[in-house]
Structures are given as C-alpha cells and as structure tokens.
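K.L.:
Got a structure for you, written out below as structure tokens; questions coming shortly.
Given below as structure tokens:
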C-alpha cells in the first residue's frame, strides 16, 4: 500500500509517542490528565501508546470522548533485544492481532512482564498480505547503532509503506548531528521521519515525579541515579505551535503525523461485545432454550401448577430478555451453576438478580416470586441500557473447581478474570518516595506508621511535629509533595475477586490477557470500570466462606 496523500487541513501535528502512568514507573501522568492537557493545548487528535500494554486505553478513550478529542489507541512495543516501536492498528482486525501479540508476550512471561521477540511481529500481518494494516514508528536510542539499523530495515521490509522513524530533540548538545544521522538512516531504510516529543508527562511540573518513578524502577536513590535520569524536563506535552518551531527544517516530519492519524481509523467504540453463544441444548436459539429451561424450572418449583402471577412475571421477563438479546448470558450463568451443583458445590446467586423470576426458576437465586413483589427493572431495564449483573457465591474451598471449569470449557483465549488496578496509597507512596529521596529508615518508619490503614490522605504539619520531624526541612517537604502526586498512581495490575469475562469470539482479540501470580489463573488488562465503559459483561464468580461452613455442618 502506498502512503496516502492528505489535505492541508489534515496536516496538523498529532503527538504519537505518548505514554501514561500505565506504562508502570515510566510515565508520570494519568491518561485523563494527558487528554485534558491535549484539549487545553488545542490538539484535535492525540495518541496513547503505553509500554507493552493496553491497560490505560479505556481511561483515555472515556476522557477523549468527554473532551471532544480523537484518541489514537496504540502500544509502545519494547522487544526483548531493546528495539522499540510504536504500533497503531488501522482497523478492528489489526487491533485484535495487536492485543493477541501482547497476550502471547504476557503468557510466556511471569506476572507483570511481557516478552516479545522481533519474529513475533510477523503475527501482526493479516492473513492476506500485502494489505498490511498496522502503522509502526521506530523509536531510536540516543545513539542509533548497527543493531537498531538492522531491526529497522527488517521491519521496513516486512511491512513496506507502513514503517516510520521517529525524530526527537533530546537537548543534549548533539541534536543537529543526531538528527542528520537519523535523516540519512530514514532515507537508507525508506522509513520517513516523524516528529515527536516522546511525551512521558502532561506538564513540565511532573518532571521530578518522573525522576522518582525512574529511581523506583531502577531501585536506586536520586543521588545514585546520576546520568541514568532524563537530562531535562522536555518530555512533556507541548503546544503544536512549539513543535512546528522546534522542528523547523523538518516540516514534513511534523505534517506526517497527520498523515498517520488519517490512515488509522480504529476506535475502541468498535469493540462490540458478544455473549458466549454455545450450542443451545434442545432448542434452535438461545432465547428458545432459555424459555424452555425457565418453564421447566417453574413447573418443578410449583408442581401443583404455576401461579398466574408467576406466569405473567416470567412472560414479561423473558420478553424483555429476548428484546435485549441477553439469553446467551443467562444460559452461561445457568451452565456454571449447573456444573457446580452437579459437583455438589454449594452456590447461591445474590444481588439485583434476586429480583428475577427467571433466575429463580433456573435455580440461580432462591427468592420465591410468590413471596415478595419483584422489581425486575432494578435488574434489567431497557431504558438504562445496562447489561445484567448476576453475582454468584460459591463455597470458597471449592470455587477454584468452578474457575477451572470455565477455563476448560471456553478456553483461556475466550475467558479471563477482570483486573484490579493496585494503586499507590499514602503508606506505600511514603515508603517508595522516601527511599528514593534518601530518608533514613527511622524517618520512613515514623512517616509510614502515622498513616491509618489504607488511607490516601496526606500527612499534615502538626502530625509531622508530633513525630519529631521538622516540616520546614526541604527534603522532607519535597518528599511529601511527591508523595501527594504519586497517591492514586497504578503500581501494578492484579486479578479481580471473581469477575469473569467470557466472549463468543477470542477475548484476546479484545484485550490482552496475562498470567496471574496464582498458578493456572489468567486475567485481562482492564478493570470493572473499563468493562462498564465499553459495555462488556462480566460474571462474578465469588467465594463465600459461610457456604463452606454450611457444607461442613
């Protein structure tokens, strides 16, 4: 495919190399902060590409939708040999191959890591080349060497017409010489130059926090880090006019960012969720099977005859479930509960699902609709346009059997536990920042010990004096300022207590899947808020100790 010509109106600057704090200790701004700053600076389009991860994309997507800014979702691919490039999918199919690539890298590594090799990038090609549909932007090291040139040429040969070379001012005294070398390399490899400021934070005021994050990652103090830290605070999001100024003489590298944006059409809005649609038992469709099972269950609950009120309620619920196409979801939950009961595992549905006569007739919940007035619309409502949410408790000593059944039936490429984002609280922030700033162990212990529980509140001056510390101490003041900025930053991803996402097609083509710390567990990179934002359904497979107690009684 040849590179598309673009109109002058499209030839705006689009910052493509942007990473957030979901690059984990490598970015010093929340995705939302980057989007808000982009809007304030006049950007119409902005990218987000975190290191080997899609964990921050939904937050950026929601913020971009709110601010009226277009988001280009991508990933900063960092290979095992150090070669780094941005990857932007041009369409939905390309995005699916990208998340599957990340899943591959995650699954071959321990929790929290992603191992990718140069040959893995071949998986990003469609089945029918040469219709490539990914855009790559190689990010050169400070001193481009022969190894980088080799990887760049290999990538350009593999994806002709789809590979670019980033050019960034480092302000280290040799920019002109370095940029001239990159220009020559660009011509030799047929990889056009693309201007970028390699953004790691939304505002220059975040540079100190960026240094602290780097030190946490390197396990050293600020005093020990030396030249390993960034030489300046230039890696912030800059106004487009300033980018045009600092890249004078490289105007094509600036306008090419608009060309790339024009070639990329994918949006997270395209991730339409499809419920699992397994064979429908004795019926032709999932809806027909749900109706069959519901009426059979009702007949078993009321062998003397189904009460008129229940008949009306069931008919109403089944009609609404059919209109909203939720039958496959109910059948999935029913299958899981049926498996557990068949194994003698105690389980019980709860929450708003207790307002459903269908759930009662299927045996998912235990609330008899003849005993109370059910409020089905609290559970499912066409007006709210929210998917149903059925929570099921299983005896905690045997829940793992249920989880492994789900993996076995649907496959790990179709099922995964939702993530939980573990964030910095005051105590963890004090310990990590304090170590980097060189505070004594006694001071660290006093500060951390003054924090109640999992508080996210700061430490005021009166409390410092009570601890025998001087609030006027410059290092202490700077430490506490950095602590306040770090609170709420993601530390790492963990697995949700039991929220499962199961899809009809490959789940790893929707979101990357990674290994959990627990053996035989995998989780996706998005949490429950991300899933809600995209209307992706989860099933809560929860553990309840009381059911185990009942079992033993």
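In this note's numbering, the protein residues as written are 198 to 750.
All residues carry an ideal CB built from backbone N, CA and C; glycine is no exception.
Because the structure is a prediction, the values reported are computed rather than measured.
Suppose the cutoff is 7 Å on Cβ atoms and the five residues either side in sequence are ignored; what does the same chain contact list for residue 620 look like?
P.N.:
685, 686, 687 and 688
K.L.:
Between the stretch 579 to 591 and the stretch 607 to 621, can you find at least three pairs of beta-carbon atoms closer than 8 Å?
P.N.:
no
K.L.:
Tell me whether residue 501 is buried or exposed, calling it buried when 16 or more other Cβ atoms sit within 10 Å of its Cβ.
P.N.:
exposed
K.L.:
By how many angstroms is the C-alpha of residue 638 removed from the C-alpha of residue 275?
P.N.:
35 Å
K.L.:
For residue 556, report the span of its alpha helix (DSSP H) as first-last.
P.N.:
For residue 556, the uninterrupted alpha helix (DSSP H) run begins and ends at 554 to 559, by DSSP.
K.L.:
In chain order, what residues of the same chain lie with their CB nearer than 7 Å to the CB of residue 322, ignoring the 5 residues before and after it?
P.N.:
So the qualifying residues of the chain are 329.
K.L.:
Determine, using beta carbons only, whether residue 362 and residue 337 come nearer to each other than 8 Å.
P.N.:
For residue 362 and residue 337, yes; Cβs fall inside 8 Å.
K.L.:
Is residue 212 closer than 8 Å to residue 434 when the C-beta atoms are compared?
P.N.:
yes
K.L.:
Just confirm the distance between the C-beta atoms of residue 355 and residue 318, as a whole number of angstroms; I'd bet it's less than 8 Å.
P.N.:
Yes, they are in contact, since the Cβ atoms of residue 355 and residue 318 sit about 7 Å apart, within 8 Å.
K.L.:
So what does DSSP say about residue 205, is it helix, strand or coil?
P.N.:
Low local confidence applies: a pLDDT of 41 at residue 205 is under 50, so the model's placement there is unreliable, and no value is given.
K.L.:
Contact between the stretch 242 to 258 and the stretch 212 to 221 is defined here as three or more beta-carbon pairs at a separation below 8 Å; is this criterion met?
P.N.:
With the rule of 3 Cβ pairs closer than 8 Å, the stretch 242 to 258 counts as touching the stretch 212 to 221.
K.L.:
Near residue 365, which residues of its chain fall below 7 Å by C-beta distance, leaving aside the five closest residues on each side in sequence?
P.N.:
Only 393, 394 and 395 meet the Cβ criterion.
K.L.:
Tell me the rounded alpha-carbon separation between residue 523 and residue 586.
P.N.:
11 Å
K.L.:
From residue 548 to residue 294, what distance separates their C-alpha atoms?
P.N.:
Separation of residue 548 and residue 294 (C-alpha to C-alpha, rounded to the nearest whole angstrom) is 37 Å.
K.L.:
Please list, in chain order, all residues of the same chain as residue 280 whose beta carbon is under 7 Å from its beta carbon, the five residues on each side excluded.
P.N.:
315, 345 and 348
K.L.:
Rounded to the nearest angstrom, what separates residue 390 and residue 442 at their Cα positions?
P.N.:
Residue 390 and residue 442 have their C-alpha atoms some 16 Å from each other.
K.L.:
Compute the Euclidean distance between the alpha carbons of residue 460 and residue 287, then round it to the nearest angstrom.
P.N.:
6 Å
K.L.:
Can you find the residues in the same chain that come closer than 7 Å, C-beta to C-beta, to residue 466, ignoring five residues on each side of it along the sequence?
P.N.:
none
K.L.:
Going by C-alpha to C-alpha distance, which of 530, 508 and 255 sits closest to residue 709?
P.N.:
255
K.L.:
Mapping the DSSP letters down to three states, classify residue 200 as helix, strand or coil.
P.N.:
A caution first: residue 200 carries a pLDDT of 42, below 50, which makes its placement in the model unreliable, though a value can still be read off. Here residue 200 sits in coil by DSSP.
K.L.:
Need the endpoints of the beta strand (DSSP E) that residue 547 sits in, please.
P.N.:
Note, residue 547: beta strand (DSSP E), 544 to 547.
K.L.:
Determine the DSSP secondary structure at residue 437, reduced to helix, strand or coil.
P.N.:
It is helical.
K.L.:
Spatial neighbours of residue 305 within its chain, please: CB distance less than 7 Å, with the 5 preceding and 5 following residues excluded, ordered by chain position.
P.N.:
The beta carbon of residue 305 sits closer than 7 Å to those of 312, all from its chain and outside the five residues before and after it, given in chain order.
K.L.:
Name the DSSP beta bridge partners of residue 592, please?
P.N.:
741
K.L.:
Check whether the Cβ atoms of residue 630 and residue 676 sit closer than 8 Å, and answer yes or no.
P.N.:
yes
K.L.:
Within a Cβ cutoff of 6 Å, which residues of the same chain sit near residue 297, ignoring the five residues on either side of it in sequence?
P.N.:
705 and 706
K.L.:
Can you tell me whether residue 368 is buried or exposed, with buried defined as 16 or more other CB within 10 angstroms of its CB?
P.N.:
exposed
K.L.:
Sorted by chain position, which residues of the same chain lie with C-beta nearer than 8 Å to residue 591's C-beta, five sequence neighbours on each side aside?
P.N.:
537, 542, 543, 544, 599, 738, 739, 740, 741 and 744
K.L.:
For the candidate residues 533, 284 and 516, whose alpha-carbon lies nearest to that of residue 555?
P.N.:
Here the closest residue by C-alpha is 516.
K.L.:
Can you grab the Cα-Cα spacing for the pair residue 716 / residue 546, in whole Å?
P.N.:
Going by the C-alpha atoms only, they are around 27 Å apart.
K.L.:
Taking only three categories from DSSP, how would you classify residue 333?
P.N.:
strand
K.L.:
Please report the Cβ distance between residue 503 and residue 496, rounded to the nearest whole angstrom; I am assuming they are in contact, meaning their Cβ atoms lie under 8 Å.
P.N.:
With a Cβ gap of about 6 Å, residue 503 and residue 496 count as contacting.
K.L.:
Could you tell me whether the stretch 398 to 418 touches the stretch 369 to 389, using the rule of 3 or more Cβ pairs below 8 Å?
P.N.:
no
K.L.:
So, using beta-carbon positions, are residue 562 and residue 507 closer together than 8 Å?
P.N.:
no
K.L.:
Does residue 426 come out as helix, strand or coil in the three-state DSSP assignment?
P.N.:
coil
K.L.:
Which residue spans inside the stretch 430 to 494 form an unbroken beta strand (DSSP E) run of at least 3?
P.N.:
none
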